[in-house]
Structure formats: C-alpha cells, structure tokens
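To convert, note that position 74 of the sequence shown is 853 in this note's numbering; the numbers rise steadily by one, no gaps.
Quick reminder that beta carbons are idealized off the backbone N, C-alpha and C, glycines included.
In this text the structure is predicted, and so the values were computed from the model without any measurement.
Comments concern the structure below.
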Amino acid sequence: MNLFTTLFRLPVILSLILLMSCDEDKNFEELAPYRTYTALLNQQDKDAPVATVLENTLNITIEWTRTSTGKYLGALSQPVDTNKSTLWVSTPPTHAVMRIRFNSPTEIYLEAGQGVNFHTDTFTNVSLELKVYK
C-alpha cells in the first residue's frame, strides 16, 4: 500500500469511527447543526408553483401563490428564525435569474426572469433549500 492510498482512505476510516462512536439512539437529523426543507419546484403558465418535497426535517409546509408574471410567494406553515436561516434556489436553463428571499419569518419571495425587470413564468425542477441552523 503506497502513501497516497493510505492518505486517501484515512478520511473514510475516521468518518466510520466517528459514526460508530455516536449514540445509537440519535439519528442524523439530531446530529446535524440544522433542520432543512428541500424541494423541487415546477411552475406552468399562470399557475402557482408546485413543490415535490424531497426532505423536510423542519416539518413545515409551504403554500405557493403566483402574484404576477415570474413573481411568487411561499407562505410557511410556521415561522422560522430568519437570523439563523439560509435560502438557496437553483436557476434552470430556461431562465437567466432566480432570486429568493424572506419577506418575513412566514413568507418567502421567489422571482424568475430573463434579466432586470423582465420576469417570466414556466420552469421545471428548480431546487429550493431552506436551512434553519440550531
């Protein structure tokens, strides 16, 4: 075994040791420094975005509405601490810009477009991630 192979395997071995030393009663959600809501968003024509939820350790729901072309509001079922939260959204190949932000602890604003003040609808499989850190 050469030095490269040994160094390459070391992080894997250390990770396994760390996992084995964890309390068996705790799962990943309890050990992670955050809780998360992850979904894929799809939107067509003048409809509200529809979320396919992939993970939801926050135990929230988000109800989406379309307010105008390329502009959407997501109403959270319970407030989150925006000072300990991050929002991330992907940009699909059909759009130049996707913007996301908190309007309040219970509302997310999402904007889709082709540039400054040029908003557009209809997107597929846009990744959305909300993380709230402990």
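Sort 835, 850, 827, 816 by Cα distance to residue 892 and report the nearest one. A check of alpha carbon separations from residue 892 across 835, 850, 827, 816 identifies 850 as the nearest.
If you check the beta carbons only, do residue 895 and residue 879 fall under 8 Å apart? With contacts defined by Cβ atoms closer than 8 Å, residue 895 and residue 879 do not form a contacting pair.
Review point. Of all the options 841, 837, 863, which has the alpha carbon lying nearest to the alpha carbon of residue 855?
Key: Nearest C-alpha to residue 855 among 841, 837, 863: 841.
Q) Anyone know if the C-beta pair for residue 839 and residue 813 falls short of 8 Å? A) No, they are not a contact pair.
Handout entry: Ordered list of beta strand (DSSP E) runs contained in the stretch 843-875, each at least 3 residues
Key = Uninterrupted beta strand (DSSP E) stretches at least 3 residues long and entirely within the stretch 843-875 occur at 850-855, 864-868, given in chain order.
Margin query: If you follow the beta strand (DSSP E) that residue 887 is in, where does it begin and where does it stop?
Written below: It spans 886-894 - the beta strand (DSSP E) in which residue 887 sits, taken as one unbroken run.
Beta carbon of residue 919, beta carbon of residue 903: below 8 Å? No answer is possible for residue 919: the residues shown for the chain start at 780 and end at 913.
For residue 841: DSSP bridge partner residues: According to DSSP, residue 841 bridges with 855.
Item to check | Rounded straight-line distance, which links the Cα of residue 811 to that of residue 831 | outcome: The straight-line gap from Cα to Cα measures roughly 23 Å.
* Thinking just about the alpha-carbon of each residue, which of 876, 900, 865 is nearest to the one in residue 887? -> Measuring from the Cα of residue 887, the nearest candidate turns out to be 865.
Exercise for review: Have a look at 819, 876, 872 and flag the residue whose alpha-carbon is nearest the alpha-carbon of residue 835.
Suggested key: The residue with the shortest Cα to Cα distance from residue 835 is 819.
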